[in-house]
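In the working numbering, the protein residues as written are 606 to 916. Here's the structure, in structure tokens; my notes come after.
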Amino acid sequence: MKSPTPGLNSRFYSLRTGDTMKLKRLNEEVVEARQRQAELAAQVSTIEGVNMVVPEMEVVKVSSKNSRIRKVIIGGDQAPSPEDKTILLFGPTKSGKTMTINSMLNYLYDVKRENDFRFVLDGEIKRTENLTAYVINNTVLPFSVTVVDTPGVVSREGNATVSTLIKTWFEQELREAGTFRLDAISIVLHHNEKSLGWPFINELAAVKHMLGDDLKTNVLPIITNSEVLPQPIAVRSLALANISFVEYYKLNNLGFMPNTQGIPKLQHNLFFSHGMASLEAYFRVRPARTHSPSARNPTRRGAIFFYLFIL
606 MKSPTPGLNS
616 RFYSLRTGDT
626 MKLKRLNEEV
636 VEARQRQAEL
646 AAQVSTIEGV
656 NMVVPEMEVV
666 KVSSKNSRIR
676 KVIIGGDQAP
686 SPEDKTILLF
696 GPTKSGKTMT
706 INSMLNYLYD
716 VKRENDFRFV
726 LDGEIKRTEN
736 LTAYVINNTV
746 LPFSVTVVDT
756 PGVVSREGNA
766 TVSTLIKTWF
776 EQELREAGTF
786 RLDAISIVLH
796 HNEKSLGWPF
806 INELAAVKHM
816 LGDDLKTNVL
826 PIITNSEVLP
836 QPIAVRSLAL
846 ANISFVEYYK
856 LNNLGFMPNT
866 QGIPKLQHNL
876 FFSHGMASLE
886 AYFRVRPART
896 HSPSARNPTR
906 RGAIFFYLFI
916 L
């Protein structure tokens, strides 16, 4: 359960050593993707000389009658691929899920520390009330990534708001597509989360149960506001709650944003570089090792399969 070291850069996963022409072409494509998104982005503010910009977005009409379920396409159209990934973010209130997506955007569009802009989902951070599936296209990866943001789990016994909302979204996806694939659940926790109470554990158990409990090795914790070296307290909290995982990923989202808190420059730069390396490892492409069947479709029992990609 150690924080991983970065592996092979996923955007160049198919290249062999010495294939310099392909490497150069992919480098050019990465730069073009970043420039395109920067040109199409809408500036919402300027902080410490850094422009905060919202990337190209399109809100998609969904079939659900639940107004709290949304779908947003970021980065324009992209043809579907069997390699496309879907990740569900799940965590307590104020754990930094939306800020984590901001950081992911800057990784996926290859923003450099020296660039004078940063991608954000919105001009200000608000409490998440809805479930929003962000389909992020035309990035440095050779596939599309859908990151599902969810409201924070409140520490109140008997409250099932988040798991119920996820269940509604899950059933909607099954009805629309006939199949459903979820590659990972990422539990997002603040680094000093001392304990995970029963309300959180029960909500997580409900989510895993509706997915057939096939995600035991696909739980990928993201620990926010982390320092680079010490093991976060939140890791021990996961172990005490008997939540199994193989690796966790430390991410200090402050490193991706303008430095407004007086963090020493060297430390702020380190937060950025370590965050990029951590996200590199998180999105790293590996061969699928298992295909797990068994989703219970409420209308077509036994007809649905999950194709689980073990990262």
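Just so it is clear, CB atoms sit at the ideal spot from N, CA and C, and this is done for glycine as well. Note that the structure is a prediction, hence the values are computed from the model and not measured.
Distance, residue j Cα to residue i Cα
i           : j           : result
residue 707 : residue 669 : 26 Å
residue 652 : residue 710 : 18 Å
residue 874 : residue 849 : 32 Å
residue 771 : residue 790 : 12 Å
residue 762 : residue 844 : 21 Å
residue 881 : residue 712 : 6 Å
residue 868 : residue 834 : 17 Å
residue 840 : residue 889 : 22 Å
residue 895 : residue 780 : Residue placement at residue 895 is poorly supported in this model, since its pLDDT is 32, which falls under 50; the coordinates still yield a value, given next. The straight-line gap from Cα to Cα measures roughly 25 Å.
residue 714 : residue 666 : 25 Å
residue 807 : residue 813 : 10 Å
residue 644 : residue 722 : 11 Å
residue 787 : residue 716 : 27 Å
residue 892 : residue 673 : Any reading at residue 892 must be qualified, since the residue scores a pLDDT of 34, below 50, and its modelled position is unreliable; the value itself is stated next. Those two C-alpha atoms are separated by around 35 Å.
residue 920 : residue 640 : This structure cannot speak to residue 920, because the chain is shown only from 606 to 916.
residue 777 : residue 677 : 15 Å
residue 613 : residue 642 : Only weak support is given to the placement of residue 613: the predicted model assigns it a pLDDT of 31, under 50, and the value that follows is read from those uncertain coordinates. Taking the straight line joining both Cα atoms gives about 25 Å.
residue 879 : residue 856 : 8 Å
residue 884 : residue 854 : 8 Å
residue 650 : residue 718 : 18 Å
residue 767 : residue 785 : 19 Å
residue 636 : residue 760 : 44 Å
residue 691 : residue 876 : 26 Å
residue 801 : residue 782 : 35 Å
residue 774 : residue 872 : 40 Å
residue 803 : residue 842 : 12 Å
residue 799 : residue 837 : 10 Å
residue 826 : residue 634 : 31 Å
Proximity winner among the options, relative to residue i (alpha-carbon distances)
i           : options            : result
residue 754 : 743, 726, 777, 880 : 726
residue 647 : 828, 859, 773, 660 : 660
residue 736 : 769, 836, 846      : 769
residue 847 : 672, 824, 654      : 824
residue 680 : 673, 746, 702, 671 : 746
residue 720 : 861, 786, 883      : 861
residue 858 : 765, 702, 636, 785 : 702
residue 657 : 734, 683, 728      : 728
residue 664 : 675, 697, 783, 730 : 675
residue 695 : 687, 756, 724      : 756
residue 683 : 692, 750, 855, 865 : 750
residue 731 : 700, 760, 742      : 700
residue 686 : 734, 632, 748      : 748
residue 698 : 734, 866, 690, 739 : 734
residue 662 : 801, 743, 886, 866 : 743
Enclosing beta strand (DSSP E) for residue i [first to last residue]
i           : result
residue 675 : 674-679
residue 698 : Looking at the DSSP string, residue 698 is not in any beta strand (DSSP E), and its letter there is neither H nor E.
residue 736 : 736-741
residue 723 : 722-724
residue 829 : 827-829
Residue i in three-state terms, based on DSSP
i           : result
residue 688 : coil
residue 770 : helix
residue 895 : Reliability fails at residue 895, whose pLDDT of 32 lies under 50, so the model's placement of it is uncertain and the value that follows must be treated cautiously. Three-state DSSP puts residue 895 in coil, outside helix and strand.
residue 785 : coil
residue 841 : helix
residue 852 : coil
residue 661 : coil
residue 648 : strand
residue 668 : coil
residue 750 : strand
residue 920 : Since the displayed the chain opens at 606 and closes at 916, residue 920 lies outside it and no answer follows.
residue 758 : strand
residue 693 : strand
residue 764 : coil
residue 635 : helix
residue 656 : strand
Span of the alpha helix (DSSP H), counted from its first residue to its last, around residue i
i           : result
residue 807 : 803-815
residue 876 : 870-887
Chain C contact for residue i (CB, 7 Å cutoff)
i           : result
residue 747 : No chain C appears in the structure shown, which is made up of a single protein chain.
Pairing CB atoms from the region 783-803 with CB atoms from the region 828-846, are three or more of them under 8 Å? Two segments are said to touch when three or more pairs of C-beta atoms, one from each, lie closer than 8 Å; by this definition the region 783-803 touches the region 828-846.
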